[in-house]
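Reminder that position 86 of the sequence shown reads as 95 in our numbering, one-by-one numbering, no gaps. Quick reminder that beta carbons are idealized off the backbone N, C-alpha and C, glycines included. The structure appears below as structure tokens.
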Amino acid sequence: MIKKLFIFSGLLFFVSLFAQKTHTVEKGDTLFGISRKYNISVEDLLRLNPESKDGNIKIGEVLRLDGKGSSKQLGYIILKPKETIYGISKQYRISETDLKALNPDLNNQMKAGSRIILPLENIKKYGDGELLEEVTSPKLQANIPISSNTYTTTGVSSDDFVTYTVQSGDTTFGIVNKFGIALDELIQLNPALSSGLKPGITLKIRKADPAYVKKSGDELNVAIMLPFGYDSNDSKYRNVSLDFLSGAKLAIERNAKKGQKLNVKIIDAGNEATFKNSLTQINKDNTDLIIGPFFKSSVLEVLEYVKTSKIPIVAPFANSEDLYGFSNLIIMETNDQVYADRIMDEVKAVYSDQRIYIVADSDKSKANYIRSGLMKTLKTPQIIIVNSANEIQADTNMMTGQKAPVIAVLANNNDGFGEAFANKMIALSQEVQGIKAFSMYYVPAFEKNIDELSATSLVYLMDRKINTDGRFENEILAEYKDKYCKTPSKYAVIGFDVVNDMLMRENSKGEIFKQISKPQTQLATKFEFSRIQRNGAYVNTGYRIVRLLR
């Protein structure tokens with residue numbers, strides 16, 4: 010079936026992007042007006058100008074912007090079944106903030122057949138080979154911005170909204186926090202805010218998804234569910250669980266010493282077959298945070314068990330699209346697509362007509378994803394997917410007959426394949442200069458051969474890496490060794506990082522999501538959460554980049 014891409018023509022459907030890198034505030038300027046002038050979200054504008062975080066700007070103040078002056082045409086795609094905001098933003102290389110700015114009612118339009126507005130350039134580059142068809146007089150939809158201060162909201166039930174009359178002393182950010190909504194969404198639903206927040210005006214506010222509300226007291230009741238398997242006589246994950254717990258205990262003790270009131274219950278989650286038995290140990294009326302379980306099937310069961318109370322749940326390892334629709338779920342693992350997208354960006358930055366090899370795993374899904382992305386953005390690339398590093402060969406210059414460098418990408422998360430990849434890259438770098446190597450994953454062989462691999466300018470990604478020169482990192486390592494008389498294992502590090510990060514985001518009211526958007530780096534892991542959709546899960550998109558320089 011041939012898919013069609015529709016292009017809006019005419020001046021109405023052109024959008025001006027940033028015309029300059031700074032803006033000097035003039036009389037009558039508002040954050041909203043400035044954001045629309047340069048097509049930057051209010052949230053991004055405030056991120057770039059933290060001194061204006063209270064929403065107040067002064068005449069003569071210079072605000073930082075981001076981007077270069079240009080003009081872009083818009084088009085739209087037809088939403089396919091099971092597509093998500095997260096998936097669209099990743100495929101078409103557009104931030105969720107910008108995607109929602111172009112589609113203000115996107116969350117209400119998330120059904121197959123809906124039209125999603127995107128920059129035309131992104132659709133052409135990253136689309137799935139759609140046939141272009143020009144539309145000169147498209148019907149306006151509810152998710153298309155008509156002008157800089159008018160938005161349609163048709164097709165949405167009035168039951169989805171509440172109204173609020175602005176009081177003297179109110180601030181925009183106070184209202185945002187009060188109702189738990191995004192600032193951009195508040196502005197889009199209330200164009201009058203472009204003239205400033207004034208007492209007496211009535212605001213339209215979308216009802217927030219019901220959130221967890223702490224029952225009483227300022228002591229945080231935390232349940233940690235680990236598959237020890239004592240009750241089920243299954244020791245398969247016992248050592249992993251014990252290591253995870255050792256790191257978790259260190260994090261708990263550190264936060265308790267800082268004054269946080271904690272009541273932590275450790276629950277044996279058994280195995281996937283016996284998991285339901287462990288759910289009875291969770292008091293749904295007096296639990297503020299659940300960390301674990303490990304497995305996706307068990308995570309789904311605990312989500313179902315606490316669905317009426319919306320207790321925040323942390324999944325340390327499970328990450329799949331069927332988890333993305335739960336608003337009270339925090340997913341700690343960064344998924345492979347994030348890594349693949351970054352590797353593609355790295356390859357594009359150094360590409361100059363070299364042949365590209367991609368070492369695949371058994372199902373080749375990641376390798377095919379990278380190949381597809383590069384084919385759309387590079388000019389006539391030669392990309393070969395191989396089953397092992399031994400198939401990678403230096404190219405030959407057709408004019409001179411001499412060997413020419415290639416680009417090699419490892420898309421296989423197996424240490425054996427990684428070691429073979431490292432050895433092959435070292436051998437090729439000794440044959441010809443200019444070999445470029447990239448890996449979606451870390452393998453131990455990379456650290457063992459740093460000097461040799463530096464000749465390939467190897468770039469690899471890691472979900473976790475300890476900065477041994479860092480003061481905080483050395484403090485934690487010393488505390489762990491003092492407590493357990495050994496250095497922490499991989500799962501001890503994960504246990505510390507997950508639990509410490511979550512406890513640092515909590516307040517005495519159990520409002521963990523108030524600080525969920527703040528990037529934090531723990532002992533080895535960077536946590537940078539992004540919400541998949543308006544009422545969806547929070548997923549970690551953080552990672553560490555390692556570059557071996559000559």
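Per DSSP, reduced to three states, the secondary structure at residue 303 is coil, with no helix or strand assignment. A Cβ-Cβ separation of about 6 Å places residue 512 in contact with residue 269 under the 8 Å criterion.
For the 7 Å CB-CB criterion, residue 546 and residue 332 form a contact. Per DSSP, residue 199 lies in no beta strand (DSSP E) segment and is marked neither H nor E.
Look at residue 533 here: in three-state DSSP terms it is coil, with no helix or strand label. The beta carbon of residue 498 sits closer than 7 Å to the beta carbons of 252 from its chain, once the five residues preceding and following it are set aside; these are given in chain order. Check the Cα spacing between residue 199 and each of 207, 205, 250, 213: the tightest is with 213.
Inter-segment contact for the region 323-332 and the region 299-310 is present: three or more beta-carbon pairs are separated by less than 8 Å. Counting along the chain, the unbroken beta strand (DSSP E) around residue 415 starts and ends at 415-419. Beta-bridge pairing by DSSP links residue 395 to 368. Linking residue 279 to residue 502 through their CA atoms gives a straight-line distance of about 22 Å. Under the three-state reduction of DSSP output, residue 453 falls in the helix class. Sorting 71, 58, 49, 74 by C-alpha distance to the C-alpha of residue 103 places 49 at the top.
When the alpha-carbon of residue 396 is set against those of 265, 377, 359, the nearest one is in 377.
Proximity to residue 277 across 483, 176, 307 peaks at 307, based on C-alpha coordinates. A residue is called buried when at least 16 other Cβ atoms come within 10 angstroms of its Cβ; residue 538 meets this threshold and is buried. When the Cα atoms are used, residue 231 and residue 273 turn out to be separated by approximately 5 Å. Taking 7 Å as the cut-off, the Cβ atoms of residue 549 and residue 234 do not count as close. Spanning the alpha carbons of residue 172 and residue 201 requires a straight line of approximately 14 Å.
In the structure shown, the three-state DSSP call for residue 226 is coil. A distance of 7 Å or more separates the beta carbons of residue 484 and residue 475. In the DSSP secondary-structure assignment, residue 473 is bridged to 534. In the DSSP assignment, residue 446 is bridged to 417. For the pair residue 409 and residue 462, the Cα-to-Cα distance works out to about 27 Å. Taking the Cα positions, residue 312 is about 36 Å away from residue 179. With at least 16 other beta carbons inside 10 angstroms of its own, residue 429 counts as buried. The beta-carbon distance between residue 365 and residue 418, rounded to whole angstroms, is 7 Å. This is short enough to meet the 8 Å contact definition. Only residues of its own chain outside the window of five on either side were considered, and among them 446, 557 have a CB closer than 6 Å to the CB of residue 467, listed in chain order. With respect to residue 265, residue 259 sits apart: the two C-beta atoms are not nearer than 7 Å. With a cutoff of 7 Å on beta-carbon distance, residue 451 and residue 422 are scored as not near each other.
DSSP, read as helix, strand or coil, puts residue 556 in strand.
In this structure, the straight-line span from the alpha carbon of residue 454 to that of residue 185 is close to 49 Å.
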